[in-house]
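Engineer: Before anything else, here's the structure in question.
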Amino acid sequence: MTKSQRSTTGCVACKSRRKKCDETKPRCLRCLSAGRPCSYDYVEYSHSEKHRVKRTKPAAQNSYNSDIVTAETIPIGSSLPDPGPSAILSYAANSNYSVSHDMRGNDTSINLNQALARDPTRSLPYDISFDTQPIPIGRGLHSSNNPLGVVRVPTDAPQVYGTIPVTSGPSMHIVAELELEPEDDEDEEGTGDLEGVHAILCRPLTMDKNVKDNTLSFVLQCYSEWAIASVFEPRKMAYIMREQIIEQFAFENSRVRTILLANIMSMYAKNLTMGRSGATMLRRLALTAQMDASRFIESPPSPVPELDQQNAIRVLDNVLEILSLHTHTLSTSECFQLVCNTAAVFRRACPEPEGQPVNLANIMLSPNLNLRHFGYLEILSNVATGRPLYFQFEVPFSLELCDQMYRMQDSCGLQWLYGVPDQFIMLFAWIYSLSQRPDSDNLELVAWIETNLPQIKLAIDHFGDPLLRIRRMAVLECWRFVVLIYLYMFLCKSNASDPRVVHTHTGFMRLIRGLKPGRHPDCLIAPIIIAGVATIEEQDRDTIRQRILNVQQWATRGTAANDHMRVLEDIWARTRAERRPAVWSDLREAYYRVSGQ
């Protein structure tokens, strides 16, 4: 069988490692993300041939494939000169930068409502519903009386989904048995664009007199680099965000803000850490968004409820990308602060009247990306940190609802962002709501969850790189184990030595050990952290330490991910000193000790 040729005309580093090279000048994306020096060897022409186009020297071919002719490829982004971060910062500094909120003016922020058509569907199956108890968030809240309709929003991005094995037996561990890792000691997954995200976001643009030369191309490239480094399914994110980014350039205020965000994304994507200048820029953007949120809350609500909801959503639009960057680059306390300061805005964006619980299913199936994002993070942060919820939620749950969310993944899902299935977000919230009931130890409900959890179908994008698809399947199955750990330790109040917890944790660790270290699942730290609470054996703790600290961005002190590792170390140290297994309340105590929040 002829061995496939890798890079023969790329940079020196890629050719020597026989890696695919996108040939971006002056440094290819693979070398940028890996932090390696990057240089090119060019073909030398005689003086009479100086007019010829500069070409890189091909790598030496092996004897067995010397007869193969390598097609010349066009370097990604070669026709789009990169102005560089300094040029963009200079442009932004000379602009009159402010994030304005003329609530009845142009919507200058990323808003999927304008980009996607709507088509109503059936009502949700409200089979079982309980209320959660909130913690106060300060000021009184206002909301409209009209319920948010559940809609299906078609998208023009082609989607093909498969179903992950859902039986509770050995097939839940099938991914751990697959030996499909590359032989090279370098992780393919985190060092290149294996799924064409750059091509989707940065395909040729129609010329527009209102667009500054090269700036939009630069921004799209920065977004693609950030998505590849940070997003669970960057290919899907590329389809969702491309047109929205282009819309940002129709207005001066949103254009400048988007350029600043693109620079921050580029800084992070190149080194997988955030330097002082990038962190300062991000904090200033976050402060501006929080000031806008405060002004909105202090202003009287519109007499038209629907208009007040739209105004609240416009304020939330300025927080989505900032919050996503916060979770990867800044500390846990700063992330909590940003969410806390915008929580009241989220409540006003919800349709339920003040004093009534927010219907979480309607939020998770909303066509508005920011409503879904805040609801998603509210539940996820509660599970991962033990922090009480800010709001009272009505949480319907049924297998029919899970099937509906599975069918609507192409329009209303958020699994593509953090890698947590939307159905499990609903299940986490439902388990939390059950804990607020007097009969929270209802064995029939626990048995119902145990029985039906394997039946929940999870969607995975079948386009893209096969190896990445397998890793993503493994991440989703990790969450299936985490749901059971949360059920036993939080709802049933079992400790880490309970036989049910031990059995579930063993399955989780088997799955983790069966995967070669890489961006998936290691950089998606939440399932590892939650399972870490139940980790007793020192060998398992060492495995978790290695998986977390081997990811560069998580080893950096001062980031939320590094805070998570410190939380686990605190739990393990206290339980070791007290000679007892961990209980769920240890998680909340550890977060308070580490972050003060």
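1 is the number of the first residue of the sequence shown in full-length UniProt numbering; add one for each residue after it. We treat Cβ as the ideally placed atom computed from N, Cα and C, and that holds for glycine. These figures come from a predicted structure and were not determined experimentally.
1. Are there three or more Cβ pairs, one per stretch, closer than 8 angstroms when the segment 231-240 is compared with the segment 457-467?
2. Thinking C-alpha only, which one of Arg348, Asn495, Pro454 and Cys202 is nearest Leu307?
3. Should Val256 and Ala293 be called a contact, given that it needs their Cβ atoms to be closer than 9 angstroms?
4. If you follow the alpha helix (DSSP H) that Phe424 is part of, which residue opens it and which one closes it?
5. Whole angstroms are fine: how far does the CA of Leu458 sit from the CA of Asp570?
6. Taking DSSP as the reference, what is the three-state secondary structure of Asn495?
7. Give a yes or no on whether the C-beta atoms belonging to Leu491 and Ser440 are separated by under 9 angstroms.
8. Looking at C-alpha atoms only, which residue of Met565, Tyr40 and Phe391 is the closest neighbour of Gly355?
9. Are there 16 or more other CB atoms within 10 angstroms of the CB of His505, so buried, or fewer, so exposed?
10. Can you tell me the Cα-Cα spacing of Arg566 and Val304, whole angstroms?
11. Within 10 angstroms of the Cβ of Ala573, are there 16 or more other Cβ atoms? Answer buried if so, exposed if not.
12. I believe Met405 touches Gln423 by the beta-carbon criterion, under 8 angstroms. Please report the beta-carbon distance rounded to the nearest angstrom.
13. Have a look at Gln337, Leu511 and Ile460 and flag the residue whose alpha-carbon is nearest the alpha-carbon of Arg547.
14. Please confirm whether Ser277 and Gln221 have their CB atoms less than 9 angstroms apart.
15. According to DSSP, is Val151 part of a helix, a strand, or is it coil?
16. Determine the extent of the beta strand (DSSP E) in which Glu394 is found, giving its start and end residues.
17. So, under 8 angstroms CB-CB, Ile536 and His564 are touching, yes? Tell me the CB distance rounded to an integer number of Å.
18. Take Ala279 and list the residues in its own chain whose beta-carbon comes closer than 7 angstroms to its own, dropping the five residues that flank it on each side.
19. Taking the beta carbon of Asp156 as the centre, do at least 16 other beta carbons fall within 10 Å, making it buried, or is it exposed?
20. In whole angstroms, give me the CA-to-CA distance for Val420 and Ala474.
21. Here's a check: name, in chain order, each residue in its chain whose Cβ is nearer than 6 angstroms to the Cβ of Leu587, leaving out the five neighbours to either side.
22. In its own chain, which residues sit with a C-beta less than 6 angstroms from the C-beta of Met237, not counting the 5 before and 5 after it?
23. Rounded to the nearest angstrom, what separates Glu589 and Val482 at their Cα positions?
24. Sorted by chain position, which residues of the same chain lie with C-beta nearer than 8 angstroms to His326's C-beta, five sequence neighbours on each side aside?
25. Using the DSSP secondary-structure output, state which residues sit across from Thr56 in a beta bridge.
26. Using the Cα positions of Asn562 and Thr556, report the straight-line distance between them to the nearest angstrom.
27. Am I right that Leu427 and Tyr376 are in contact with their C-beta atoms under 8 angstroms? What's the rounded C-beta distance?
28. Which one or two residues does DSSP pair with Asn359 in a beta bridge?
29. Looking at C-alpha atoms only, which residue of Val446, Leu201 and Met509 is the closest neighbour of Ile246?
30. Mind checking Leu443: buried by the 16 CB within 10 Å criterion, or exposed?
31. Can you tell me whether Gln244 sits near the ligand SAM, meaning its C-beta is under 8 angstroms from at least one heavy atom of the ligand?
32. Under 9 angstroms between the Cβ atoms of Ile456 and Cys402?
33. Could you give the DSSP three-state label for Ile313: helix, strand or coil?
34. Measure the Cβ-Cβ separation of Pro454 and Glu394 and say whether it is below 9 angstroms.
35. Given a threshold of 16 other Cβ atoms within 10 Å of its Cβ, counted over all protein chains shown, does Trp554 qualify as buried or as exposed?
Structural biologist: So, from the listed chains and residues:
1. yes
2. Arg348
3. no
4. Asp422 to Ser435
5. 34 angstroms
6. coil
7. yes
8. Phe391
9. buried
10. 48 angstroms
11. exposed
12. 5 angstroms
13. Leu511
14. no
15. Per-residue confidence for Val151 stands at a pLDDT of 31, beneath the threshold of 50, marking its modelled position as unreliable; no derived number is given.
16. Phe393 to Phe397
17. Actually they do not touch by this definition, with Cβ atoms about 19 angstroms apart.
18. Thr329 and Leu330
19. Unreliable positioning characterises Asp156 in this predicted model, as indicated by a pLDDT of 36, which lies under 50. A coordinate reading is not provided.
20. 12 angstroms
21. Gly386 and Val533
22. Ala227, Val231 and Trp416
23. 20 angstroms
24. Leu282, Ala286, Glu334, Cys335, Leu338 and Ala560
25. Tyr42
26. 6 angstroms
27. Not confirmed; about 13 angstroms, so no contact.
28. Glu394
29. Leu201
30. exposed
31. The ligand SAM is not among the ligands present in this structure, which contains no ligands whatsoever.
32. yes
33. helix
34. no
35. buried
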